[in-house]
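> Right, I'll just put the structure down here and ask away after.
4 protein chains.
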Amino acid sequence: MLVVMKAQASPADIALVCERIQVLGFRPHIIPGEQRTAVGITGNSGPVDPAEFEQLHGVAEAIRVSKPYKLVSRETKPESTVVFVKGVPVGGEEIALCGGPCAVESRDQILASARAVKAAGGQLLRGGAYKPRTSPYSFQGLGEEGLRYLAEAREQTGLGIVTEAVDTESIDLVEDYADCIQIGARNMQNFSLLRRAGRAKKPVLLKRGMSSTLEEFLMAAEYILSEGNYNVILCERGVRTFADHSRNTLDLSVVPAVKTLSHLPIIVDPSHGTGKRDKVLPMALASVAAGAAGLIVEMHPAPERALSDGYQSLDPEEFAELASECRAIAELLRSRRRVPVGAL
Amino acid sequence: MLVVMKAQASPADIALVCERIQVLGFRPHIIPGEQRTAVGITGNSGPVDPAEFEQLHGVAEAIRVSKPYKLVSRETKPESTVVFVKGVPVGGEEIALCGGPCAVESRDQILASARAVKAAGGQLLRGGAYKPRTSPYSFQGLGEEGLRYLAEAREQTGLGIVTEAVDTESIDLVEDYADCIQIGARNMQNFSLLRRAGRAKKPVLLKRGMSSTLEEFLMAAEYILSEGNYNVILCERGVRTFADHSRNTLDLSVVPAVKTLSHLPIIVDPSHGTGKRDKVLPMALASVAAGAAGLIVEMHPAPERALSDGYQSLDPEEFAELASECRAIAELLRSRRRVPVGAL
Amino acid sequence: MLVVMKAQASPADIALVCERIQVLGFRPHIIPGEQRTAVGITGNSGPVDPAEFEQLHGVAEAIRVSKPYKLVSRETKPESTVVFVKGVPVGGEEIALCGGPCAVESRDQILASARAVKAAGGQLLRGGAYKPRTSPYSFQGLGEEGLRYLAEAREQTGLGIVTEAVDTESIDLVEDYADCIQIGARNMQNFSLLRRAGRAKKPVLLKRGMSSTLEEFLMAAEYILSEGNYNVILCERGVRTFADHSRNTLDLSVVPAVKTLSHLPIIVDPSHGTGKRDKVLPMALASVAAGAAGLIVEMHPAPERALSDGYQSLDPEEFAELASECRAIAELLRSRRRVPVGAL
Amino acid sequence: MLVVMKAQASPADIALVCERIQVLGFRPHIIPGEQRTAVGITGNSGPVDPAEFEQLHGVAEAIRVSKPYKLVSRETKPESTVVFVKGVPVGGEEIALCGGPCAVESRDQILASARAVKAAGGQLLRGGAYKPRTSPYSFQGLGEEGLRYLAEAREQTGLGIVTEAVDTESIDLVEDYADCIQIGARNMQNFSLLRRAGRAKKPVLLKRGMSSTLEEFLMAAEYILSEGNYNVILCERGVRTFADHSRNTLDLSVVPAVKTLSHLPIIVDPSHGTGKRDKVLPMALASVAAGAAGLIVEMHPAPERALSDGYQSLDPEEFAELASECRAIAELLRSRRRVPVGAL
């Protein structure tokens, strides 16, 4: 259920609607729009009677939402959401570019990475302090030490920090240090972690699970929004199929599909999406052309010495070329269409 | 690395090997066998020199293990493991049969379920008190109240209790109440949860992830064993493919594949594996014929009124038929082959 | 559209219905049943008016068929079809067992294979004279020479011959020599070949395509039936998924699914379905337990010297064990259920 | 085996090499290059001794080719191949754009389609006269009548004609009328049809099969080249996966992967690749950005009245927009990289 307020509705009108929702035992979500505000209702197990709200002052209409996801839906909020990560808009006029190594390996490595991202015109730095690894015997990340290096890199370069929280234990520290909390593909349906991320004060970057349908992907985002955190960036990173020429199959058609169904911005990870260095540039360009709001790309000062994912990491020079090419395509599309990249 | 002791090695010999492993900064795992004991080494990032151990008293040989998984490997432990859940052997002479509803819905429902399982000759009762749900707005389980009902069902029937822990928060309570902790498919690579399960005092039932390779499945089990809990039951529950005549594609060939590579018992969930009530019986029979050590089957006293998964739940009569048919096949195979069902 | 005749309808009544169908520009298909005869109508691009037939003498009712497949549907013909291959019933009381090498390699090889199949109690001999190969540079089969050797093997042993027709050129010869024409997985949607097989005088064994849905599989069979050949045996042989522990993923749940939707018998090929010798026996047992009407299994007198598929071929001893075990399971199921294996 | 000639080798030197190959019972394939000519050898079942050729006059070296595909491999021919379809280069400086309806439905429809393609700046017209349909009861195409309409459309507009041959029967007529013979996804491993196409005088457009690996795709092309027709255009059209937001999953990473391994041009079909009209434009742009040499797009003068595939067909206005946007991206990439679009 979505209660759409009239354009001229006052804050008091909106407050009254929220109060009424709470009295009924449900949870209100205020969704500001350019023209008018809507109030989403969650927590109801069955349908709610629109008549409960249509007589309240300032209410334009109360409409049933037909999809299983509500708060992430474009039905609920027609305008595209711009998520700000340390002031960097994701889903806005320009593509957002996030680069950096798979894992924070040392102070020197992450500072060198940050300088390379900055030099290439990137705005965000990635790097894992906590790494989900298939083997219990593999390097699991530097932990808080890694977070401190990331913070230092931010200080030196001004880049916003994107780093992964792998469980409800580590997320407190990640929330403290990072500008954006990444939820990895393996955790896309770790519902406890999603709920906790929904109570975080920082934006969340949610990666699509390896065999996730679009509906499951949006429902995972819904978990975060339903707890009150509306700053969610979706990320396609390849799905698992029979195809063996790439590590995963990058499913770029999910980009326009998300943009039709949801107001949330979607970016692409062409590094995990292909798993091969020489495929990263062409698939990055393709992502931007398909309408992605940004890219998250693995880059390492010395890929051949990386502790993990070296085979899919660009070096600084390749990253700079990627950044330049992607911006050129984004600029071309914007100039021809006269609409922001992140919009429909 | 695996240090294989001579048949006549003394406990003191074994203790010395363990001490040496710890001195080197690694972790020893004592693996008792019928003929002789082996000591697994984990925690080493690179290869360990066999010469470190081959001169110690009582050591037969020190061998490199070629697979990324060590403790779960049949190379490490040639004899099939029998896991006991409240005294019920899984992986032993007979098939283990676990039945019950998707979710614990009420005291009456779970007690009726338990009586039906018992009447059909089942040994274990399933039922979720914590439910991982795709939608944040769906029924999420009764929590500890559900666990109490399960405990009461155990008291009344003597059945062992299998129930899911969905996160590191709920696992403490689940460990207290249950006889076997289930890790669901969505959490197969929730490594924090796996580590915590590895420190639990109860056996663990680990379900294969929806797009998990066999190696990833075994590595997830390795996480549990690497923390000291060697009582792990693997469970095939269907994988995600293009096929649309069943909810998932039950991949029964993983049963003999697991039995070749690992000593751990593997059972099958034909309910989630097919997602359709009329496919459960034939696929249960097929599972036993393929060599599964047991079955976990959704059964509800009144499937048409189930809060979840009703379309794939058997009623008590169908469950009793399934139990009887499966036992007949298991008995036939045992009589013809003169080997325990769970063995190679 | 399906015109169902009354139980007491005469041949003349049926002939009149067929004539009326032809007058309307469609094609009649007489489908005899135990209780009464039905006449299927194909060739209509849109719906046909039931009133055209309901007034004719001997007609019980004219019903619309809701599935895209008509002639293969159980709605059209409720009784299970038994297909006879050189007198061997497939879909009847007992499981049909077909064995033999991937390819006919020499006279000696195929005669030795035939003797081994016969000795194990198998009824049908497989062996490719025309081989569809991924590489144009691989052995493509002996052609007619191979067919002659198969015919000689039949003479010596009495086994029925199942061999593949790879194109509309080779099918004439295959039809002459073979007792059952195999259409391979790669040709499941080679519609010209299907139509030609539909005009053949011999039964057809149709293998499921590597990424075929159940509906596409049944529609491919419908092509054959729509040309007048109602003797079609379906065959599950594994589908293509991400799973890498087997060459293909054997989708056994398609067996009960086919039996619900279609009257045609379905058998299983556990050799291609797994691609590994040590998985063939357990999956063969599982197939029979799941309700398959038979098996087609690769067996070679000397697998280690086979020109193709040696890694998945059984030797004669392993084949004999498989035959014996499978018959035991089929016998058990029949004795407990008191229904023919091939029936629902 | 590949015999690489010296730069200064004479035609007589090359002829002698070919003769020697034939004497050995193999087949020579002359592959002209910019710097020097190579002669491929096929027809050998095992390895050939390089010494057979290295002493011949004009021979630089004889090298073993490590991939199962030979003639399609970039190892064999480092320069990218440009295929000319009625004078239109595919794989050259500019992207080739092919548009038109799924099926030829009438003279008016195909002439209107051709005019719209021409007006949008497209160079090639598509349209099926023979349609492979899942159901035997669906519209199967106009046959030769459809081919005549296509020929008339070519006369009126000068567009090259691309149309499908579905079997070895129809390919003779298709070869007569068309400028490029399409082999559909379902026929990608119809080896008889591939061989026949390899003897055709016209270029071939080969679509990737629904569950084809890259290696199988290239081997299918190898079948065509091995018969002497080197004018093959590869086409990605989506593969089958679990994802359900699009009809198929367009696997764009195959574009750079093909360009690394093969000299053949690869184009993309975003219409079948997505199966939804509103995804065609973004995925067309993505295809060009990923490096595709061209596009084949379904366009219908009145999509809502199309006999097939209307839901994924653009109207003429949408097609013109697509053409203009794609050319702009191609132009941008060319200007920045200073290399032809079709090159590496």
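Chains as they are written, first to last, in my numbering: chain E, 1279 to 1622; chain F, 1279 to 1622; chain Y, 1279 to 1622; chain U, 1279 to 1622. C-beta atoms are modelled at their ideal positions from N, C-alpha and C, and glycine is treated no differently.
1) If you reduce the DSSP assignment to three classes, tell me which class GLY1406 of chain U lands in.
2) In terms of residues, what are the limits of the alpha helix (DSSP H) holding ALA1598 of chain E?
3) Do you know how far the Cα of ARG1342 of chain Y is from the Cα of GLY1369 of chain E?
4) With distances taken from CA atoms, which of Y:VAL1452, Y:ASN1507, Y:ASP1457, Y:LEU1484 is nearest GLY1476 of chain Y?
5) Quick one: does PRO1414 of chain F have its CB under 8 Å from some CB of chain E?
6) Under 8 Å between C-beta atoms, does ASP1454 of chain E make it to chain F?
7) Identify the contact partners of THR1519 of chain U in chain F, using a Cβ-Cβ distance below 7 Å as the criterion.
8) In whole angstroms, what is the alpha-carbon distance linking VAL1532 of chain U and ARG1518 of chain U?
9) What residue does the beta strand (DSSP E) around LEU1483 of chain Y start on, and which one ends it?
10) Is there contact between the stretch 1294-1309 of chain F and the stretch 1586-1599 of chain E, where contact requires at least three CB pairs shorter than 8 Å?
11) Roughly how many whole angstroms lie between the Cα atoms of PRO1410 of chain U and PRO1581 of chain U?
12) Rounded to whole angstroms, how far is the Cβ of VAL1440 of chain E from the Cβ of GLN1418 of chain E, which I believe are closer than 8 Å?
13) Measuring alpha carbon to alpha carbon, tell me which residue in F:GLN1467, F:SER1470, F:ASN1468, F:ARG1432 is nearest CYS1458 of chain F.
14) Whose Cβ in chain Y lies nearer than 9 Å to the Cβ of HIS1541 of chain F?
15) Sort out for me which residues DSSP pairs ALA1340 of chain U with in a bridge.
16) Tell me the rounded alpha-carbon separation between GLY1572 of chain F and ALA1398 of chain F.
17) Any beta-carbon of chain E closer than 8 Å to the one on ARG1616 of chain Y?
18) So that I know if they touch, is there some Cβ in chain U lying closer than 8 Å to that of GLU1447 of chain Y?
19) Taking the runs of the alpha helix (DSSP H) that are 4 residues or longer, which of them lie wholly in the stretch 1417-1484 of chain F?
20) Can you find a C-beta in chain Y that's less than 8 Å from the C-beta of GLU1599 of chain U?
21) Counting C-beta neighbours from all protein chains within 10 Å, is the total for PRO1534 of chain U 16 or more, i.e. buried, or is it exposed?
22) Consult DSSP for GLU1332 of chain Y and reduce its assignment to one of helix, strand or coil.
23) Report the rounded CA-to-CA distance for VAL1619 of chain E versus LYS1364 of chain E, giving the unit in angstroms.
24) By the 9 Å beta-carbon criterion, what residues does the stretch 1464-1489 of chain Y contribute toward chain U?
25) Once you ignore the five residues that flank SER1351 of chain F on each side, which residues in its own chain have a CB closer than 7 Å to its CB?
26) Taking the CB atoms as reference points, tell me whether VAL1382 of chain E and PRO1481 of chain E lie closer together than 8 Å.
27) Using only CA atoms, which one of F:TYR1455, F:SER1489, F:GLU1447 lies nearest to GLU1623 of chain F?
28) Is it the case that the stretch 1484-1497 of chain F contacts the stretch 1461-1476 of chain F, given that we only count it when at least three CB pairs across the two stretches are under 8 Å?
29) Less than 8 Å between the C-beta atoms of LEU1403 of chain F and GLY1378 of chain F, yes or no?
30) Please look up how many angstroms separate the CB atoms of VAL1337 of chain E and MET1283 of chain E, rounded, as I've assumed it's under 8 Å.
31) From which residue to which residue does the alpha helix (DSSP H) around HIS1550 of chain F run?
32) I need the DSSP call for ARG1305 of chain F, collapsed to helix, strand or coil.
33) On the three-state DSSP scale, how would you describe THR1538 of chain Y?
34) With a floor of 3 residues, list each beta strand (DSSP E) that falls wholly inside the stretch 1345-1414 of chain E, ordered by position along the chain.
35) Among F:ALA1443, F:ALA1290, F:GLU1357, F:LEU1280, whose alpha-carbon lies nearest the alpha-carbon of GLU1312 of chain F?
36) Are any of the Cβ atoms in chain Y nearer than 8 Å to that of THR1315 of chain F?
On the basis of the coordinates in this document:
1) Start at 1 with the first residue of the fourth sequence, and residue 1406 of chain U comes out as number 128. Here GLY1406 of chain U sits in strand by DSSP.
2) Taking the first residue of the first sequence as position 1, residue 1598 of chain E is located at position 320. In this chain, the alpha helix (DSSP H) harbouring ALA1598 of chain E covers 1594-1615.
3) Along the first sequence, read from residue 1 onward, the residue named residue 1369 of chain E stands at position 91. Along the third sequence, read from residue 1 onward, the residue named residue 1342 of chain Y stands at position 64. Approximately 51 Å between the Cα atoms of the pair.
4) Your numbering for residue 1476 of chain Y matches position 198 in the third sequence. Nearest to GLY1476 of chain Y by C-alpha distance, out of Y:VAL1452, Y:ASN1507, Y:ASP1457, Y:LEU1484, is Y:ASN1507.
5) As a first step, residue 1414 of chain F must be located in the second sequence, where it is residue number 136. Contacts with chain E at 8 Å (Cβ-Cβ) include PRO1414 of chain F.
6) If you number the first sequence from 1, residue 1454 of chain E lands on position 176. Answer no: the Cβ-Cβ gap between ASP1454 of chain E and chain F never drops below 8 Å.
7) The residue given as residue 1519 of chain U occupies position 241 in the fourth sequence. The contacting residues are PHE1520.
8) For the purposes of this step, residue 1532 of chain U is taken as the residue at position 254 of the fourth sequence. For the purposes of this step, residue 1518 of chain U is taken as the residue at position 240 of the fourth sequence. Cα to Cα, the separation comes out at about 14 Å.
9) Stepping through the third sequence from its first residue, residue 1483 of chain Y is reached at position 205. Its beta strand (DSSP E) spans residues 1482-1485.
10) Judged by pairs of C-beta atoms under 8 Å, the stretch 1294-1309 of chain F does not touch the stretch 1586-1599 of chain E, as fewer than three such pairs exist.
11) The residue labelled residue 1410 of chain U in the question sits at position 132 within the fourth sequence. The residue labelled residue 1581 of chain U in the question sits at position 303 within the fourth sequence. Approximately 20 Å between the Cα atoms of the pair.
12) Within the first sequence, residue 1440 of chain E is the residue found at index 162, counting from 1. Within the first sequence, residue 1418 of chain E is the residue found at index 140, counting from 1. Cβ-Cβ separation between VAL1440 of chain E and GLN1418 of chain E: approximately 19 Å, too far for a contact (criterion under 8 Å).
13) Here the question's residue 1458 of chain F lines up with position 180 in the second sequence. Its Cα nearest to that of CYS1458 of chain F, the residue F:ARG1432 stands out among F:GLN1467, F:SER1470, F:ASN1468, F:ARG1432.
14) Residue 1541 of chain F sits at position 263 when you count from the first residue of the second sequence. Residues of chain Y with a Cβ closer than 9 Å to the Cβ of HIS1541 of chain F do not exist; the shortest Cβ-Cβ separation is about 17 Å.
15) Here residue 1340 of chain U refers to the residue found at position 62 of the fourth sequence. Answer is U:VAL1281, bridged to ALA1340 of chain U.
16) Numbered from 1 along the second sequence, position 294 holds the residue referred to as residue 1572 of chain F. Numbered from 1 along the second sequence, position 120 holds the residue referred to as residue 1398 of chain F. Rounded to the nearest whole angstrom, the C-alpha separation of GLY1572 of chain F and ALA1398 of chain F is 15 Å.
17) Sequence index remark: in the third sequence, residue 1616 of chain Y carries index 338 (1-based). At ARG1616 of chain Y the pLDDT is 48, less than 50, meaning the model places this residue with poor confidence; the figure from the coordinates comes in the next sentence. Not closer than 8 Å to any Cβ of chain E, the Cβ of ARG1616 of chain Y fails to qualify, so no.
18) The residue you call residue 1447 of chain Y lines up with position 169 of the third sequence. Yes, contact with chain U.
19) The DSSP assignment places 1422-1435, 1449-1455, 1469-1476 as complete runs of the alpha helix (DSSP H) inside the stretch 1417-1484 of chain F, in order along the chain (cut-off: 4 residues).
20) Reading the fourth sequence from its first residue, position 321 is the one you call residue 1599 of chain U. Put simply, the CB of GLU1599 of chain U is far from chain Y, with every gap to its CB atoms at 8 Å or more.
21) Here residue 1534 of chain U corresponds to residue number 256 of the fourth sequence, with the count starting at 1. Per the 10 Å Cβ criterion, buried.
22) Mapped onto the third sequence, residue 1332 of chain Y falls at position 54. Three-state DSSP puts GLU1332 of chain Y in a helix.
23) Position 341 of the first sequence, counting from 1, holds the residue named residue 1619 of chain E. Position 86 of the first sequence, counting from 1, holds the residue named residue 1364 of chain E. Because VAL1619 of chain E carries a pLDDT of 40, less than 50, the predicted location of this residue cannot be relied on, and the following value inherits that uncertainty. The straight-line gap from Cα to Cα measures roughly 20 Å.
24) So the list reads ARG1464, ASN1465, MET1466, GLN1467, ASN1468, PHE1469, SER1470, LEU1471, LEU1472, ARG1473, GLY1476, GLY1487, MET1488, SER1489, given in the order they occur along the chain.
25) Here residue 1351 of chain F refers to the residue found at position 73 when the second sequence is read from its first residue. The residues VAL1343, LYS1345, LEU1539, SER1540, in chain order, have a CB closer than 7 Å to that of SER1351 of chain F in the same chain once the five nearest residues on each side in sequence are set aside.
26) On the first sequence, position 104 is the one that residue 1382 of chain E refers to. On the first sequence, position 203 is the one that residue 1481 of chain E refers to. The answer is no: Cβ separation not under 8 Å.
27) Because chain F here runs from 1279 to 1622, residue 1623 of chain F falls outside it and cannot be looked at.
28) A contact exists between the stretch 1461-1476 of chain F and the stretch 1484-1497 of chain F.
29) In the second sequence, the residue the question calls residue 1403 of chain F occupies position 125. In the second sequence, the residue the question calls residue 1378 of chain F occupies position 100. Yes. Within cutoff.
30) Here residue 1337 of chain E refers to the residue found at position 59 when the first sequence is read from its first residue. Here residue 1283 of chain E refers to the residue found at position 5 when the first sequence is read from its first residue. Rounded, the Cβ-Cβ distance is 6 Å, consistent with contact.
31) For this step, residue 1550 of chain F is matched to residue 272 along the second sequence. 1548-1552 is the extent of the alpha helix (DSSP H) around HIS1550 of chain F.
32) Taking the first residue of the second sequence as 1, we reach residue 1305 of chain F at position 27. ARG1305 of chain F falls in the strand class under three-state DSSP.
33) What you label residue 1538 of chain Y is simply residue 260 of the third sequence in a count that begins at 1. Looking at THR1538 of chain Y - three-state DSSP - the assignment turns out to be helix.
34) The beta strand (DSSP E) runs lying completely inside the stretch 1345-1414 of chain E and spanning 3 residues or more are 1361-1363, 1366-1368, 1374-1378, 1402-1404, given in chain order.
35) Here residue 1312 of chain F is taken as the residue at index 34 of the second sequence, counted from 1. The residue from F:ALA1443, F:ALA1290, F:GLU1357, F:LEU1280 with its alpha-carbon nearest to that of GLU1312 of chain F is F:GLU1357.
36) Residue numbering aside, residue 1315 of chain F sits at position 37 when the second sequence is read from its first letter. Interface with chain Y (8 Å Cβ-Cβ cutoff): THR1315 of chain F is excluded.
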